[in-house]
């Protein structure tokens, strides 16, 4: 199933969505997709005038492919400008992903500051594309394309503090405006920035993830490449803390991400 088909499925019936194995990430379903679908269920409960400002995610357990998932939503509070919403993805009666979202309407303010500028990178057509290799790279990578521009590849032992490049949806992609739903998959597509520091394959997984959106969103097509850069802020004792940003092709800041990552190597 393509990304747009899974989004349509959760819009049609969020209580029973089955994600196929080609969206797998090890023994689990790709986390960016899980959050994107949970967000879609949450978005349906909130007025469209209130834009998504932030999501805070805990990956409680692995969501198995090919097993129905229920995306539940609870509106915690509706204020004058801000709505606080809780989303729970359940499988076999257990919570696998927990998402707390803040939606806020715009308002007048004297506070204004320009966004963090996009870093200089080689054009995407000069960057090597990270290939999908069955049995080696995660299954979900057949649905996403990444052009490597900054830092070393995973498991080369040559990594530094930074990692990044270009990213977009791949496969049979519907040409439509890029939304927060798409962006959640793009921001989480890249492997943990700690993996290039390892000199042999090892598992890594995200424990918690906070992602914030710059509103109003830049007007971008799903067929365009976005620019991504992750920076390791600290890593020790099998855990790493990574900050990342996503920019439009024109250099407009779109999303701000922070993850706590567990690495088993």
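Numbering (the UniProt record's numbering), first residue to last: 1 to 265.
Backbone N, C-alpha and C define an ideal beta-carbon position, used for all residues, glycine too.
- [ ] Taking residue 102 as the reference, give the member of 218, 214, 261 with the closest Cα.
- [x] Walking along the chain shown from the start, residue 102 turns up at place 102. Here the closest residue by C-alpha is 214.
Open item on the list: Can you check which of these residues, 100, 89, 58, is closest to residue 77 by C-alpha distance?
Closed with: Residue 77 sits at position 77 when you count from the first residue of the chain shown. Nearest C-alpha to residue 77: 100.
Open item on the list: Taking DSSP's pairing of strands, which residues face residue 177 in a bridge?
Closed with: The residue you call residue 177 lines up with position 177 of the chain shown. 221.
Open item on the list: Report the start-end ranges of each beta strand (DSSP E) in the UniProt domain "Acyl-CoA thioesterase-like C-terminal" (125 to 263) that is 3 residues or longer and not cut off at the edges.
Closed with: 144 to 150, 162 to 169, 204 to 213, 226 to 236, 239 to 247, 253 to 263
Task: Residues bridged to residue 58 [DSSP beta-bridge criterion] - done: Counting from 1 along the chain shown, the entry for residue 58 is found at position 58. The partner list for residue 58 (beta bridge, DSSP) reads 98, 208.
- [ ] Quick one: using the 10 Å Cβ neighbour count with 16 as the cut-off for buried, is residue 143 buried or exposed?
- [x] On the chain shown, residue 143 is found 143 positions in, with the first residue counted as 1. Answer is buried; the Cβ neighbour count reaches 16.
Task: From 228, 22, 246, 206, residue whose alpha carbon lies closest to that of residue 56 - done: In the chain shown, the residue the question calls residue 56 occupies position 56. The shortest C-alpha separation from residue 56 is found at 206.
- [ ] Go through its chain and collect everything with a Cβ distance to residue 238's Cβ below 8 Å, but skip five positions before and after it.
- [x] Mapped onto the chain shown, residue 238 falls at position 238. So the list reads 262, 263, 264, once near-sequence residues are dropped.
TODO: Indicate whether residue 30 and residue 138 have their beta-carbon atoms separated by less than 8 Å.
DONE: Here residue 30 is taken as the residue at index 30 of the chain shown, counted from 1. Here residue 138 is taken as the residue at index 138 of the chain shown, counted from 1. In terms of Cβ geometry, residue 30 and residue 138 form a close pair [threshold 8 Å].
Task: CB of residue 87 within 8 Å of CB of residue 72, strictly - done: Translated into positions along the chain shown, residue 87 becomes position 87. Translated into positions along the chain shown, residue 72 becomes position 72. Yes.
Open item on the list: For residue 121 and residue 149, which I take to be in contact (beta-carbon distance under 8 Å), what is that distance rounded to the nearest angstrom?
Closed with: To locate residue 121, count along the chain shown from 1; it is residue 121. To locate residue 149, count along the chain shown from 1; it is residue 149. So it is a contact: roughly 4 Å between Cβ atoms.
TODO: Determine the direct distance from the alpha carbon of residue 126 to that of residue 85, and round the result to whole angstroms.
DONE: Here residue 85 refers to the residue found at position 85 when the chain shown is read from its first residue. Here residue 126 refers to the residue found at position 126 when the chain shown is read from its first residue. If you take the alpha carbons of residue 85 and residue 126, they lie about 42 Å apart.
Open item on the list: Considering only the alpha carbon of each residue, which of 235, 249, 98 lies closest to residue 228?
Closed with: Counted from its first residue, the chain shown places residue 228 at position 228. Of 235, 249, 98, the residue nearest in Cα terms is 249.
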